[in-house]
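Undergrad:
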Amino acid sequence: MKNLFKNLEDLRGVNPNPDFLHRSKTEILATYQTHSSTSFRISQFKNRLVESLSFAAALGLTSLLFYLTMSGLSGSSSTVITQQDKIQFDIQLRDAKYYKEVAPNVYMVVLNENMEEEEFQEELNKLLGK
Numbered sequence: 699m700k701n702l703f704k705n706l707e708d709l710r711g712v713n714p715n716p717d718f719l720h721r722s723k724t725e726i727l728a729t730y731q732t733h734s735s736t737s738f739r740i741s742q743f744k745n746r747l748v749e750s751l752s753f754a755a756a757l758g759l760t761s762l763l764f765y766l767t768m769s770g771l772s773g774s775s776s777t778v779i780t781q782q783d784k785i786q787f788d789i790q791l792r793d794a795k796y797y798k799e800v801a802p803n804v805y806m807v808v809l810n811e812n813m814e815e816e817e818f819q820e821e822l823n824k825l826l827g828k
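Under the numbering used here, the first residue of the sequence shown is numbered 699, with each subsequent residue one higher.
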């Protein structure tokens with residue numbers, strides 16, 4: 699046992715070659731170091747959390763815009779259909795008004811041109827219900 703301690707004390711004076719020392723330091727510093735400190739783990743967790751939240755926010759915003767676009771299109775199409783029905787109803791009312799007011803006058807003019815006065819008066823009386 700005494701021999702072992704003597705050998706260790708002799709080896710204590712051994713110094714590495716300066717070239718070896720420089721090369722070793724360079725290799726150690728160039729390799730990837732795993733950090734076991736708590737602050738590094740917390741910062742890593744925060745980075746992952748921020749990335750996940752930003753992805754979730756982007757996905758949520760995209761979904762919201764898609765929903766609003768689709769619901770807006772379906773709402774505007776029903777509005778267009780409603781406006782189209784209203785226009786058709788207005789046209790039908792104008793047609794009814796025309797047939798009620800203008801068509802008998804046109805009919806009278808046509809009859810007047812093609813009939814004698816007596817025949818015209820008879821047709822007019824039938825039309826008016828006399």
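Glycine included, every Cβ here is placed at the ideal spot set by N, Cα and C. As the structure is a prediction and not an experimental result, all values here were calculated from the model.
Taking the alpha helix (DSSP H) that residue 714 falls in, what are its first and last residues?
TA: Run containing residue 714: none; DSSP gives neither H nor E here.
Undergrad: To the nearest angstrom, how far is it from the Cα of residue 838 to the Cα of residue 784?
TA: For residue 838 there is no data in the structure shown, the boundaries of the chain being 699 and 828.
Undergrad: Can you give me the C-alpha to C-alpha distance between residue 794 and residue 788, rounded to a whole angstrom?
TA: Rounded to whole angstroms, residue 794 to residue 788 spans 10 Å at the Cα level.
Undergrad: Look up residue 814 in the DSSP assignment and say whether it is helix, strand or coil.
TA: It is coil, neither helix nor strand.
Undergrad: To the nearest angstrom, report how far apart residue 760 and residue 721 are at their CA atoms.
TA: When rounded, the distance between both Cα atoms is 53 Å.
Undergrad: From the DSSP output, in three-state form, read off residue 730 for me.
TA: Residue 730: coil per DSSP, three-state reduction.
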